[in-house]
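Participant: One structure follows; several queries about it will come next.
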Amino acid sequence: MITTALSGLAFGLGLIIAIGAQNAFVLRQGLRREHVGLVVAICAASDAVLIALGAAGVGAVVQSHRGVLVGVTIAGAAVLLVYGFGAARRALRPQALVADGEGAGRAGRAGRRGVSLTALALTWLNPHVYLDTVVLLGTVAAASSAPWAFAGGAVVASVAWFAALGFGARLLRPVFARPTAWRVLDVGVAVVMVAIALSLLLGLRGGH
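For the sequence shown, the residue numbers in the numbering used here are 3 to 210.
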């Protein structure tokens with residue numbers, strides 16, 4: 003069972019360690035030191051629920067209802083486009099992190115409600131999350147000798163990754179004391195978000 007759990011941990015890390023909407027948002031909040039614990043908790047808890055759903059066999063149900071996937075895909079693409087264009091707009095007028103250790107020299111700190119809604123939207127309205135976490139991970143877990151041990155390892159990987167990304171981002175704060183660094187980050191985020199959104203929409207077109 004321990005071996006199965008370790009396999010789940012490795013598989014979970016393989017899925018989650020990639021440049022995506024969720025990771026980009028966690029990194030940004032970590033750099034700004036704004037509601038980091040809240041964002042990490044939301045992302046990790048959401049992943050845990052999705053992993054559990056996958057282990058319980060919900061992935062097969064999701065695959066059989068194309069209408070659900072289409073709706074989530076369109077909504078997710080819209081969210082990614084909005085977030086991507088927002089990052090592009092920030093890149094036009096970047097500002098540096100302030101040296102007070104409490105935030106960024108941007109237009110004020112984001113509220114807890116707004117941050118929570120963004121974290122939830124980037125997680126639950128992201129079709130890749132369902133395909134990777136629920137369907138793919140669920141399928142692999144079901145094929146293992148101990149599905150729930152495998153899922154448990156994947157949950158540990160998720161919690162460890164988001165905590166390291168969110169709370170470890172502070173180590174990069176000296177780099178982001180310069181506006182240029184923020185411009186590079188925001189341009190990168192904008193490109194990734196728009197690219198993912200377009201790939202989702204093109205995937206829908208190709209699926210008809």
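We put the beta carbon where it would ideally sit given N, CA and C, even for glycine.
Bear in mind the structure is a predicted one, so any value in this text is a computation, not a measurement.
#1: Kindly confirm or deny that the region 120–129 and the region 28–45 touch, where touching means at least three C-beta pairs closer than 8 Å.
#2: CA-CA distance, valine 196 and glycine 140?
#3: In this structure, does DSSP put serine 118 in helix, strand or coil?
#4: Alpha helix (DSSP H) containing glycine 147: first to last residue?
#5: Using three-state DSSP, classify serine 48 as helix, strand or coil.
#6: Can you confirm whether the region 65–81 touches the region 175–192 when touching is taken to mean that 3 or more C-beta pairs between the two stretches lie within less than 8 Å?
#7: Under the rule that 16 or more other beta-carbon atoms within 10 Å means buried, what is glycine 103, buried or exposed?
#8: Short of 7 Å in beta carbon distance, which residues of its chain neighbour alanine 144, apart from the five on each side in sequence? Order them along the chain.
#9: Taking aspartate 188 as the reference, give the member of Gly113, Asp134, Gly88 and Thr125 with the closest Cα.
#10: Can you tell me whether arginine 92 is buried or exposed, with buried defined as 16 or more other CB within 10 angstroms of its CB?
#11: Run the CB neighbour count on leucine 204, radius 10 Å, all protein chains shown included, and call it buried at 16 or more, exposed below.
Facilitator: Considering the structure as presented:
#1: yes
#2: The sequence position of residue 196 within the sequence shown is 194, counting from 1. The sequence position of residue 140 within the sequence shown is 138, counting from 1. Their Cα atoms are separated by approximately 28 Å.
#3: Translated into the one-based positions of the sequence shown, residue 118 becomes position 116. Reduced to three states, the DSSP call for serine 118 is helix.
#4: Taking the sequence shown and counting its residues from 1, the one referred to as residue 147 is at position 145. Looking at the sequence itself, residue 147 is serine, so the reference to glycine does not match. Segment: none, serine 147 is in no alpha helix (DSSP H) and carries neither H nor E.
#5: One-based indexing of the sequence shown puts residue 48 at position 46. Three-state DSSP puts serine 48 in a helix.
#6: no
#7: Looking up residue 103 in the sequence shown gives position 101. Any answer about glycine 103 is weak, because its pLDDT of 43 lies below 50 and its placement is not dependable; what the coordinates show is given next. With fewer than 16 other Cβ atoms within 10 Å, it is exposed.
#8: Counted from its first residue, the sequence shown places residue 144 at position 142. So the list reads Gly59, once near-sequence residues are dropped.
#9: One-based indexing of the sequence shown puts residue 188 at position 186. That would be Gly88, whose Cα lies nearest to the Cα of aspartate 188.
#10: Counting from one through the sequence shown, the residue named residue 92 turns up at place 90. Buried, since its Cβ has 16 or more Cβ neighbours within 10 Å.
#11: The residue given as residue 204 occupies position 202 in the sequence shown. Classification for leucine 204: exposed.
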